[in-house]
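Asker:
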Amino acid sequence: MGSMPSVGSLTWAEPGSVGRLGEGEVVSDRDNIAASETLLPEFSRLEDERAEDAVLTSQVNAGSNLTADALVRPHTIRSDRAESLLRPDADNPKKRRHRQNADRGFSRVFRWIATGSAIFILAVLAAVAIFLIYRALPAFTATDAQMAEVRTHLPRMTSLWGLMGTLVFGTLLAALLALLLATPIAVGIALFISHYAPKRVAGIISYVVDLLAAIPSVVFGLWGALVLAPNIRTFWGWIAGALSRVPGVTVSNSATGRSVATASVVLAVMILPIITAVSREVFRQTPTLHEEAALALGATRWEMVKTAVLPFGRSGVISAAMLGLGRALGETMAVLMILSPGFLVSLQIFDGGQVQTIAAFIASMFPESAGLTINVLIACGLALFIISMAVNMGARWITARRAEFSGAN
Amino acid sequence: MGQRIDVEHLNIYYGDFLAVQDVSMVIEPNSVTALIGPSGCGKSTFLRTLNRMHEVIPGARVEGLVEMDGVNLYDPDIDPVAVRRNIGMVFQRPNPFPTMSIRDNVLAGVKLNNKRISKGDADALVESSLAGANLWNEVKDRLDKPGSGLSGGQQQRLCIARAIAVRPQILLMDEPCSALDPISTLAIEDLIQELKNDYTIVIVTHNMQQAARVSDKTAFFNIAGTGKPGRLIEMNDTPTIFSTPAVKATEDYVSGRFG
Ligand SMILES: Nc1ncnc2c1ncn2[C@@H]1O[C@H](COP(=O)(O)OP(=O)(O)O)[C@@H](O)[C@H]1O
Ligand SMILES: [Mg+2]
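Chains as they are written, first to last, in my numbering: chain A, 1 to 409; chain B, 410 to 668.
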């Protein structure tokens with residue numbers, strides 16, 4: 001237990017590590033401290049955490065109604081919860097009856113409005129589904145002769161299924177590319193906001209990202225077609241050239257830049273806000289308990305994020321990505337204005353005239369359609385509806401499963 | 410081997426609020442020191458300054474000196490991350506990483522050190538750490554199950570295993586038994602007695618019997634009123650504190666007259 005040898009056992013005091021403790025290292029430590037001031041916002045005392053965790057648990061367990069809204073605005077949930085926690089007479093039937101009498105009038109009306117709205121929304125959804133199926137049916141049951149008539153309006157259609165197949169492919173291709181681009185960036189921004197940036201900077205960045213969501217898609221379309229496409233096409237050409245050097249691979253690229261790749265970049269910008277907002281809220285809800293567990297083990301900021309924040313937020317990020325995917329699938333205007341359409345099943349993402357998305361196809365064809373052609377368009381709309389529903393249900397399913405992995409039990 | 414801690418004239422702040430004032434104490438190597446006192450007197454706050462966990466709270470800072478074997482922990486050249494690697498901490502509420510298996514929880518700290526560790530070494534470390542935390546026999550057949558599936562007492566011992574797996578010199582515990590049942594509490598108290606051979610231990614406890622049972626030295630903190638800073642009233646051998654304390658407030662507190 002001699003004092004010199006034990007000093008030597010301190011990692012920071014080892015003679016060999018003195019070099020490691022140069023300027024840079026010290027500066028980064030200072031950064032650590034400065035930045036750590038934002039590390040645990042609203043740090044609450046252990047006693048309070050219990051209540052907070054209970055709230056979180058109930059929130060997570062309510063997986064089935066944990067919508068994007070609930071993720072984005074957890075505070076509303078919290079305060080409701082807090083209120084019910086505070087109400088001491090909650091179990092006292094006598095007092096409860098008294099309270100019910102007291103606010104019967106408004107409470108009743110409100111409940112009717114709430115229930116009514118819920119039923120209304122379900123009814124609208126059912127009505128849309130019924131409309132789509134009912135009006136799509138003629139397209140599926142049409143005779144060859146009738147379809148030949150449609151083909152004069154949609155010259156590039158081979159068969160109904162062929163058309164829908166290529167459109168579904170194009171839709172998924174554009175949306176998935178957008179997702180691939182947007183998710184890592186959104187997660188990075190969300191982490192920066194929740195765990196790195198000083199409070200003020202975090203607020204500004206959140207605000208700017210949210211502003212992106214306020215830009216109309218037609219403006220994104222204009223920008224994509226007039227600014228992005230002509231400028232990014234050299235970059236695409238460069239990538240296409242590099243890929244083409246792989247034996248057996250030929251990657252073509254468009255002279256105008258109006259390719260799926262360009263459309264996907266714009267879609268990625270459009271879905272960035274929703275993925276960022278949801279991820280940010282999920283990361284913020286990482287229990288202080290687990291962040292401190294990591295820090296106390298000697299984790300650096302990034303290691304803390306890796307051991308505590310990312311595992312906790314993983315399923316939340318996945319459902320955030322699904323929400324973004326849902327949005328990208330249905331986006332019409334930007335794609336319509338940017339993408340030079342084609343009806344192939346083609347992975348030439350840097351070339352024009354390859355694929356088309358369902359939404360852009362419907363929007364472009366609808367004005368000049370009549371009769372059975374409209375039924376064909378509606379059949380395509382039905383396909384988009386089904387894909388979007390599947391993605392949303394997938395997001396919900398993952399969000400519900402979150403409860404099992406969060407350790408909230 | 411455990412190491413010695415010297416604290417001199419330590420003031421601890423949350424922003425502008427002085428939470429703990431002018432603490433000086435010496436903590437001997439391989440001893441168990443209990444921190445007792447009424448709620449809000451700054452025991453947790455003080456404990457967290459010993460491994461620089463205090464400063465992860467926005468605005469939190471200290472003035473004064475904390476030395477571990479003569480090295481000033483608050484020297485600008487000292488990396489707080491390195492401090493925390495050398496001074497382990499166990500929290501009031503068990504906090505194993507919920508997404509990790511029992512085995513990965515134990516190895517979490519070691520993996521943070523960016524060390525590549527062979528499977529054999531890892532297995533040995535998992536076993537020795539869990540054995541050191543008296544948990545090995547209970548979990549050896551389910552090392553790949555999530556740590557969150559254990560009982561509260563087992564989770565807390567898992568957290569101790571996780572803390573000792575990185576071989577710290579000092580172990581800080583903040584009311585480690587307050588969320589546990591009496592049997593788990595006894596298991597952890599026994600464990601503290603064994604850990605004393607290898608580590609210097611500082612434990613915050615609300616439970617006077619526990620302080621009397623496990624500690625060699627006891628430090629009594631008190632607070633004059635809400636908004637006032639907490640202070641170290643007296644520190645002495647545990648039997649002395651519980652039989653013939655020098656200060657009246659200590660006597661009142663340990664005899665259960667307040668707090
Ligand atoms: N995160 C915090 N921010 C501001 N003040 C805090 C924080 N944590 C504790 N305090 C204050 O510091 C004082 C000491 O608290 P604490 O160390 O938790 O006491 P104890 O552990 O002895 O019960 C109390 O006045 C408490 O309100
Ligand atoms: Mg405390």
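Where a beta carbon is used, it is the ideal one built from N, C-alpha and C, also for glycine.
Nothing here was measured: the structure is a model prediction, and the numbers come from that model.
#1: Mind listing the chain A neighbours of residue 517(B)? Cutoff is C-beta to C-beta under 9 Å, in chain order.
#2: Have a look at the DSSP bridge pairing and note the partners of residue 631(B).
#3: Residues of chain A with a CB under 9 Å from the CB of residue 462(B): which are they?
#4: Quick one: measure Cβ to Cβ for residue 228(A) and residue 265(A), integer angstroms, because I've assumed they're closer than 8 Å.
#5: For residue 606(B), is the classification buried or exposed, using 16 other Cβ atoms within 10 angstroms of its Cβ as the cut-off for buried?
#6: Residue 184(A) touches chain E at which residues, Cβ-Cβ below 7 Å?
#7: Is the region 244-254 of chain A in contact with the region 306-313 of chain A, if contact means three or more CB pairs nearer than 8 Å?
#8: By the three-class DSSP mapping on this structure, what secondary structure does residue 442(B) have?
#9: Flag residue 93(A) as yes if its beta-carbon sits less than 9 Å from any beta-carbon of chain B, otherwise no.
#10: Beta carbons nearer than 7 Å to chain B: which residues of the region 112-125 of chain A have them?
#11: By alpha-carbon positions, which one of 465(B), 440(B), 419(B), 445(B) ends up nearest to residue 584(B)?
#12: Could you give the first and the last residue of the continuous alpha helix (DSSP H) run that contains residue 619(B)?
#13: Rounding to the nearest angstrom, what Cα-Cα distance links residue 427(B) and residue 518(B) in this structure?
#14: Given that residue 191(A) touches chain B, what residues does it touch there, using C-beta distances under 7 Å?
#15: Nearest CA to the CA of residue 569(B): which residue from 557(B), 587(B), 597(B), 591(B)?
#16: If contact means a Cβ-Cβ distance below 8 Å, which residues of the region 557-579 of chain B contact chain A?
#17: What separation, rounded to the nearest whole angstrom, lies between the Cα atoms of residue 193(A) and residue 208(A)?
#18: Can you give me the start and stop residues for the beta strand (DSSP E) that residue 426(B) sits inside?
#19: Can you tell me which of 381(A), 204(A), 330(A), 400(A) puts its alpha carbon nearest to the alpha carbon of residue 132(A)?
#20: With distance defined between alpha-carbon atoms, name the residue in 395(A), 368(A), 137(A), 364(A) nearest to residue 337(A).
#21: Suppose you measure from the CA of residue 375(A) to the CA of residue 199(A); what does that come to, to the nearest Å?
#22: Does any CB atom of chain A fall closer than 9 Å to the CB of residue 498(B)?
#23: Within the continuous beta strand (DSSP E) that includes residue 300(A), where are the two ends?
#24: Say whether the region 487-505 of chain B touches the region 538-553 of chain B, bearing in mind that this needs 3 or more beta-carbon pairs closer than 8 Å, one atom from each stretch.
#25: Taking the CB atoms as reference points, tell me whether residue 377(A) and residue 366(A) lie closer together than 9 Å.
#26: Whose C-beta lies closer than 6 Å to the C-beta of residue 623(B) among residues of the same chain, with five residues either side of it excluded?
#27: Using DSSP's beta-bridge definition, name the partner residues of residue 555(B).
#28: Based on Cα-Cα distance, which residue from 452(B), 470(B), 559(B) lies nearest to residue 425(B)?
#29: Assuming residue 388(A) contacts residue 329(A) under a Cβ cut-off of 8 Å, what Cβ separation, rounded to an integer in Å, is found between them?
#30: Strictly below 8 Å CB to CB, what residues from chain B border residue 247(A)?
#31: Can you list, in chain order, the residues of its chain whose CB lies under 7 Å from that of residue 564(B), leaving out five sequence neighbours each side?
#32: Does any C-beta atom of chain A lie closer than 9 Å to the C-beta of residue 614(B)?
#33: With a Cβ-Cβ cutoff of 9 Å, do residue 171(A) and residue 324(A) count as a contact?
#34: Tell me which residues of the region 146-179 of chain A have at least one Cβ-Cβ distance to chain B shorter than 8 Å, keeping chain order.
#35: Going along chain B, which residues have a C-beta under 7 Å from residue 303(A)?
#36: Rounded to whole angstroms, what's the CA-CA distance from residue 197(A) to residue 215(A)? Just pull it up for me.
Answerer: In short:
#1: In the second sequence, counting from the first residue as 1, residue 517(B) sits at position 108. In chain order: 293, 294, 297, 299, 307.
#2: Start at 1 with the first residue of the second sequence, and residue 631(B) comes out as number 222. According to DSSP, residue 631(B) bridges with 640(B).
#3: Locating residue 462(B) in the second sequence gives position 53, where the first residue counts as 1. Going along chain A in sequence order, the residues near residue 462(B) (Cβ under 9 Å) are 292, 295, 296.
#4: In the first sequence, residue 228(A) corresponds to position 228, counting from 1. In the first sequence, residue 265(A) corresponds to position 265, counting from 1. Indeed they touch by this definition, with Cβ atoms about 7 Å apart.
#5: To locate residue 606(B), count along the second sequence from 1; it is residue 197. Under this definition residue 606(B) is an exposed residue.
#6: Protein chains A and B are contained in the structure displayed, whereas chain E is not.
#7: no
#8: Here residue 442(B) refers to the residue found at position 33 when the second sequence is read from its first residue. Strand.
#9: For the purposes of this step, residue 93(A) is taken as residue 93 along the first sequence, with counting starting at 1. In this prediction, residue 93(A) scores a pLDDT of 49, lower than 50, which makes its location untrustworthy; the coordinate-derived value is nonetheless stated afterwards. Residue 93(A) does not count as touching chain B.
#10: none
#11: If you number the second sequence from 1, residue 584(B) lands on position 175. Among 465(B), 440(B), 419(B), 445(B), the Cα nearest to that of residue 584(B) is on 445(B).
#12: The residue labelled residue 619(B) in the question sits at position 210 within the second sequence. Note, residue 619(B): alpha helix (DSSP H), 617-623.
#13: Stepping through the second sequence from its first residue, residue 427(B) is reached at position 18. Stepping through the second sequence from its first residue, residue 518(B) is reached at position 109. Distance between the alpha carbons of residue 427(B) and residue 518(B) is about 32 Å.
#14: For the purposes of this step, residue 191(A) is taken as the residue at position 191 of the first sequence. Correct list: empty, because the minimum Cβ distance to chain B is about 17 Å.
#15: Position 160 of the second sequence, counted from the start, is the residue given in the question as residue 569(B). Looking at the Cα atoms, 597(B) is the closest of the given residues.
#16: 557, 568, 571, 572, 575, 578
#17: Residue 193(A) sits at position 193 when you count from the first residue of the first sequence. Residue 208(A) sits at position 208 when you count from the first residue of the first sequence. Computed Cα separation, rounded: 12 Å.
#18: The sequence position of residue 426(B) within the second sequence is 17, counting from 1. Here the beta strand (DSSP E) through residue 426(B) covers 426-436.
#19: Along the first sequence, one-based indexing puts residue 132(A) at 132. If we check each option's Cα against that of residue 132(A), 381(A) comes out closest.
#20: Your numbering for residue 337(A) matches position 337 in the first sequence. Of the listed residues, the one whose Cα sits closest to residue 337(A) is 364(A).
#21: Translated into positions along the first sequence, residue 375(A) becomes position 375. Translated into positions along the first sequence, residue 199(A) becomes position 199. Roughly 53 Å separates the two Cα atoms.
#22: Residue mapping note: residue 498(B) aligns to position 89 of the second sequence, counting from 1. Residue 498(B) counts as touching chain A.
#23: Along the first sequence, read from residue 1 onward, the residue named residue 300(A) stands at position 300. Neither: residue 300(A) is in no beta strand (DSSP E) and is coded neither H nor E.
#24: no
#25: Your numbering for residue 377(A) matches position 377 in the first sequence. Your numbering for residue 366(A) matches position 366 in the first sequence. Going by C-beta atoms, residue 377(A) is nearer than 9 Å to residue 366(A).
#26: Taking the first residue of the second sequence as position 1, residue 623(B) is located at position 214. So the qualifying residues of the chain are 441, 598, 601.
#27: Position 146 of the second sequence, counted from the start, is the residue given in the question as residue 555(B). 510(B), per the DSSP bridge assignment.
#28: Residue numbering aside, residue 425(B) sits at position 16 when the second sequence is read from its first letter. Checking every option, the nearest Cα to that of residue 425(B) belongs to 470(B).
#29: As a working mapping, residue 388(A) is identified with position 388 in the first sequence. As a working mapping, residue 329(A) is identified with position 329 in the first sequence. With a Cβ gap of about 6 Å, residue 388(A) and residue 329(A) count as contacting.
#30: For the purposes of this step, residue 247(A) is taken as residue 247 along the first sequence, with counting starting at 1. Ordered by position in chain B, no residue passes the 8 Å Cβ test against residue 247(A), which lies about 36 Å from the chain.
#31: Position 155 of the second sequence, counted from the start, is the residue given in the question as residue 564(B). Only 503, 505, 556 meet the Cβ criterion.
#32: In the second sequence, residue 614(B) corresponds to position 205, counting from 1. False, the Cβ-Cβ gap to chain A never drops below 9 Å.
#33: For this step, residue 171(A) is matched to residue 171 along the first sequence. For this step, residue 324(A) is matched to residue 324 along the first sequence. For residue 171(A) and residue 324(A), no; Cβs fall outside 9 Å.
#34: none
#35: For this step, residue 303(A) is matched to residue 303 along the first sequence. Those within 7 Å of residue 303(A) in chain B are 521.
#36: Counting from 1 along the first sequence, the entry for residue 197(A) is found at position 197. Counting from 1 along the first sequence, the entry for residue 215(A) is found at position 215. When rounded, the distance between both Cα atoms is 25 Å.
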